[in-house]
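Engineer: So for the sequence shown, the working numbering puts the first residue at 5; every next one is plus one. Just so it is clear, CB atoms sit at the ideal spot from N, CA and C, and this is done for glycine as well. This is the structure I have questions about; it appears just below.
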Amino acid sequence: MTKKEVFKRQKEIKIRLTDEEHQALLDRCTTASLASWMRETCLSEKRTKQSKVIEVDPKLLRQLSGIGNNLNQIARLVNQQSKTSSAIDRIAIITALSGIERELQRLHNDHKNT
5 MTKKEVFKRQ
15 KEIKIRLTDE
25 EHQALLDRCT
35 TASLASWMRE
45 TCLSEKRTKQ
55 SKVIEVDPKL
65 LRQLSGIGNN
75 LNQIARLVNQ
85 QSKTSSAIDR
95 IAIITALSGI
105 ERELQRLHND
115 HKNT
């Protein structure tokens with residue numbers, strides 16, 4: 005816009021802010037004028053990046069919750085028997101962990117393609 009094309013802004017917008025909200029705007033302001041910054045921010049074509057909301061299958065969440073519970077039970081058992089565990093106990097723990105690993109892999113494969 006050239007100097008000859010300068011126009012006067014005639015519309016006014018008023019908003020009410022708390023002291024904290026006003027200070028937050030001043031802190032975010034990247035120009036000398038809050039009004040200029042607000043016009044630039046609100047009217048720019050750039051859109052703020054919004055994170056995607058990923059929908060998760062409730063069945064998957066229940067299965068993962070069950071696996072988490074199994075892991076907690078194993079951790080509790082290991083902590084309780086760490087000094088007195090026998091080879092049989094260690095084998096049982098490894099077997100349980102292997103089962104959980106297989107189940108996680110199955111869930112991963114099932115939901116990778118959906």
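Go through the region 41-85 residue by residue and report every complete run of the alpha helix (DSSP H) that reaches 4 residues or more, in order.
Structural biologist: Segments of the alpha helix (DSSP H) lying fully in the region 41-85: 62-84.
Engineer: To which residues of the same chain is residue 75 closer than 8 Å at the C-beta, ignoring the five residues directly before and after it?
Structural biologist: Once the five neighbours on either side are set aside, the close Cβ partners of residue 75 are 104.
Engineer: Comparing C-alpha positions only, which one of 36, 83, 108 sits nearest to residue 66?
Structural biologist: Nearest of 36, 83, 108 to residue 66, Cα basis: 108.
Engineer: Going by alpha carbons, who is nearest to residue 17 out of 79, 48, 42?
Structural biologist: Taking only the C-alpha atoms, the option nearest residue 17 is 42.
Engineer: Give the C-beta separation of residue 112 and residue 64 to the nearest angstrom, bearing in mind that I take them to be a contact with Cβ-Cβ under 8 Å.
Structural biologist: So it is not a contact: roughly 10 Å between Cβ atoms.
Engineer: Using C-beta distances below 7 Å, list every residue in its chain close to residue 11, excluding the 5 sequence neighbours before and after it, in chain order.
Structural biologist: Nothing listed; no residue qualifies.
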